[in-house]
Amino acid sequence: MKQEVHAFRMASPDGWVDGKPMRRALPRMELFEWNDSPWSPGPLRELIIESLSRTLRWGGMLRGLIAPFRAFLGASGAQEVLELGAGAAGPSEVLIDELLRAGATPPRFVLTDLMPQPEVWEEIAARSPSFVAFERSPVDATRIPPALAEGRARVMINAFHHFPPALARAILADAARGSEGIFVSEGFERNPMGFLPMVPVGVAALLANPLLTRRSRLAKAWLTWGTPLAIAASAWDGVVSTLRVYSEEELREMVSPLGGRFRWEYGTYPAPLGGEGYYFYGVPARPAGE
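Each residue of the sequence shown is one higher than the last, beginning at 1477 in our numbering.
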């Protein structure tokens, strides 16, 4: 257990980390990303998301997240988690594989999204029936139905930055009202250079995508191999993502009005090639000894 504790860095609520003051983040910028813009071509949005999922898997990008995620699961006591904004469910699949690799039993992931992809989720659930289920109906992450929320924690990997501050606050507030906890993670803190460690694997995943995708292969091949659009849009989204992520100070400010029902933890985790991601989670503040 000592090795797991040292695998990630914890930050205290007073703004100090390991006896040093927290770094000041760049101002957050609310810029567009191709992969979450409704006017962006569907195949382009899909190939960016698919390539990111393969980058997470091929590069082992979430391996350093397993220790804090296991700490969250232990503190929440939840056996099932709702994945909010699941998209193509790449993060869930990677987390399940990494937990099994670490000798841990994964929780049951229930995939949800405002724009669900049941045809994709059915294949994933068929591969991991013990660990994956899904909700076919659209689910608003700011207002989870009580029947779906009961007894479950929530997780959002590499997607929280897509929500503007008002919606981000609502997601955390809804979790504090009706869940066993919420775990938010991003692949970098707010620093444009944080995207660079993902580039080598990301380029390989992007170039291979037309061969590995399940649909729109011709369109994705043209976007990737016949034009610079896929590479340019992916590079833009990667850099912009680093400017949209929330800082620890902003996250703590979001949850400060929620009272003491939850306790909140922030920390960073190591990624390959010198990368560093962050996590922020809240779990019920249970009485001592419970």
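Glycine included, C-beta positions come from ideal geometry on N, C-alpha and C.
Through-space distance from residue j to residue i, alpha-carbon basis
i       : j       : result
Met1632 : Glu1569 : 13 Å
Thr1689 : Leu1727 : 35 Å
Leu1587 : Glu1611 : 6 Å
Ser1604 : Met1505 : 38 Å
Ser1710 : Leu1719 : 15 Å
Thr1703 : Ala1646 : 39 Å
Pro1583 : Arg1546 : 10 Å
Gly1561 : Glu1509 : 16 Å
Phe1585 : Gly1714 : 26 Å
Ala1625 : Glu1752 : 31 Å
Glu1725 : Val1759 : 18 Å
Arg1539 : Glu1574 : 6 Å
Leu1694 : Pro1686 : 7 Å
Ala1708 : Trp1740 : 37 Å
Pro1622 : Ser1606 : 23 Å
Val1615 : Trp1712 : 28 Å
Lys1478 : Ala1543 : Confidence at Lys1478 is low in this model, with a pLDDT of 32, below 50, so its placement is unreliable and the value that follows should be read with caution. Rounded to the nearest angstrom, the two C-alpha atoms are 11 Å apart.
Arg1691 : Tyr1742 : 38 Å
Ala1684 : Ala1554 : 37 Å
Leu1643 : Val1731 : 13 Å
Pro1567 : Glu1559 : 9 Å
Asp1490 : Leu1502 : Note on Asp1490: pLDDT 44, under 50, position unreliable in the model; no value is reported.
Val1677 : Met1669 : 16 Å
Residue i, DSSP secondary structure in three states
i       : result
Met1669 : helix
Glu1526 : helix
Trp1701 : helix
Ala1761 : coil
Phe1639 : coil
Gly1753 : strand
Asp1650 : helix
Arg1691 : coil
Arg1521 : helix
Ala1617 : coil
Ser1655 : coil
Proximity winner among the options, relative to residue i (alpha-carbon distances)
i       : options                            : result
Arg1533 : Gly1663, Leu1705, Val1586          : Gly1663
Gly1627 : Asn1634, Ala1547, Asp1616, Arg1653 : Arg1653
Gly1750 : Glu1526, Ile1524, Pro1514, Met1537 : Met1537
Pro1733 : Asp1573, Asn1685, Ala1649          : Ala1649
Ser1529 : Ala1609, Arg1619, Pro1621, Asn1634 : Asn1634
Phe1671 : Trp1740, Gly1540, Ser1516, Ala1747 : Ala1747
Glu1598 : Leu1590, Arg1630, Ala1565          : Ala1565
Asn1511 : Ala1609, Ser1527, Ser1606          : Ser1527
Ala1601 : Ala1651, Ile1572, Leu1705          : Ile1572
Ala1609 : Val1557, Thr1581, Pro1686, Trp1698 : Val1557
Phe1636 : Leu1520, Arg1619, Met1669, Phe1659 : Phe1659
Val1721 : Ala1684, Gln1555, Pro1641, Ser1606 : Pro1641
Leu1699 : Met1730, Pro1517, Ser1513          : Pro1517
Phe1548 : Arg1630, Val1716, Glu1595, Ser1717 : Arg1630
Ala1680 : Ala1623, Arg1737, Trp1701          : Trp1701
Thr1744 : Ser1661, Arg1521, Glu1729, Pro1592 : Ser1661
Ile1620 : Leu1523, Ala1554, Leu1507, Leu1590 : Leu1590
Pro1594 : Lys1696, Ser1613, Arg1666          : Ser1613
Ile1524 : Ala1697, Arg1577, Pro1668          : Ala1697
Leu1705 : Pro1514, Pro1519, Leu1507          : Pro1519
Ala1617 : Ser1655, Thr1581, Gly1736          : Ser1655
Continuous beta strand (DSSP E) stretch holding residue i: start and end
i       : result
Ala1609 : 1608-1610
Ser1661 : 1658-1662
Ile1572 : It is not in any beta strand (DSSP E) - Ile1572 instead sits in the alpha helix (DSSP H) that spans 1566-1577.
Arg1630 : 1629-1633
Val1675 : Segment 1675-1688 is the alpha helix (DSSP H) holding Val1675; no beta strand (DSSP E) there.
Leu1507 : Taken as a continuous stretch (DSSP letters only), Leu1507 belongs to no beta strand (DSSP E), as it is neither H nor E.
Endpoints, the alpha helix (DSSP H) within which residue i is located
i       : result
Thr1718 : 1705-1720
Leu1624 : 1622-1625
heavy atom of the ligand FAD below 7 Å from residue i C-beta
i       : result
Trp1515 : Inclusion of the ligand FAD in the displayed structure is not the case, the ligand content being empty and no account of it being possible.
Whole beta strand (DSSP E) runs in the segment 1719-1750 with 3 or more residues, listed along the chain? If we require 3 residues or more, the beta strand (DSSP E) runs fully inside the segment 1719-1750 come out as 1738-1746.
Can you give, in chain order, each stretch of the alpha helix (DSSP H) that sits fully within the segment 1580-1611 and has at least 4 residues? Qualifying alpha helix (DSSP H) stretches, in chain order: 1594-1603.
Fully enclosed by the segment 1533-1568, which beta strand (DSSP E) runs are 3 residues long or longer? Positions of the beta strand (DSSP E) runs, each at least 3 residues long and wholly inside the segment 1533-1568, are given as 1556-1559 in order along the chain.
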